[in-house]
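Participant:
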Amino acid sequence: MLYIRFNCIYIQYIQQGAIMRIEVTIAKTSPLPAGAIDALAGELSRRISHHFPENLGNVTVRYATANNLSVIGASKEDKERISEILQETWESADDWFINE
Numbered sequence: 001m002l003y004i005r006f007n008c009i010y011i012q013y014i015q016q017g018a019i020m021r022i023e024v025t026i027a028k029t030s031p032l033p034a035g036a037i038d039a040l041a042g043e044l045s046r047r048i049s050h051h052f053p054e055n056l057g058n059v060t061v062r063y064a065t066a067n068n069l070s071v072i073g074a075s076k077e078d079k080e081r082i083s084e085i086l087q088e089t090w091e092s093a094d095d096w097f098i099n100e
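Take the numbering used here: the final residue in the sequence shown is number 100, and no numbers are missing along the way.
1. Classify residue 44 as buried or exposed, calling it buried when 16 or more other Cβ atoms lie within 10 Å of its own Cβ.
2. Relative to the C-alpha of residue 21, which candidate in 79, 92 and 94 has its C-alpha closest?
3. Would you tell me roughly how many angstroms separate the C-alpha atoms of residue 58 and residue 73, rounded to the nearest one?
4. For the stretch 90 to 98 against the stretch 60 to 74, are there 3 or more C-beta pairs whose distance is under 8 Å?
5. From the DSSP output, in three-state form, read off residue 98 for me.
Right, here's the structure in full:
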């Protein structure tokens with residue numbers, strides 16, 4: 001019963017124009033090549049918008065103390081799918097990241 005109530009609240013939240021926010025943090029102890037943060041943010045945004053077209057431009061990638069994925073305003077299933085998309089994006093970096 002609690003799940004149904006939560007799901008109804010979530011649907012109402014989305015219908016009222018809630019925006020899903022996605023933040024990826026990368027540990028400062030593992031620096032990336034120049035331009036990689038912006039490239040990752042762009043590629044991740046592109047891939048996520050393919051699955052979640054209402055979420056254009058709501059992806060942030062930045063350095064922090066630890067690696068983390070934070071998804072606000074999404075269902076558990078959506079969070080899991082976004083985590084999978086992040087993993088796929090990270091593993092395919094050789095295909096989309098051009099280090100000049």
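Cβ atoms here follow ideal geometry from the backbone N, Cα and C, with glycine treated the same way.
Facilitator: Once the coordinates are examined:
1. Taking the sequence shown and counting its residues from 1, one reaches residue 44 at position 44. Residue 44 is buried by the Cβ-count criterion.
2. For the purposes of this step, residue 21 is taken as residue 21 along the sequence shown, with counting starting at 1. Minimum Cα distance to residue 21 is reached at 79.
3. Translated into positions along the sequence shown, residue 58 becomes position 58. Translated into positions along the sequence shown, residue 73 becomes position 73. The straight-line gap from Cα to Cα measures roughly 11 Å.
4. At 8 Å Cβ cutoff, the stretches do not touch.
5. The residue you call residue 98 lines up with position 98 of the sequence shown. Residue 98: coil per DSSP, three-state reduction.
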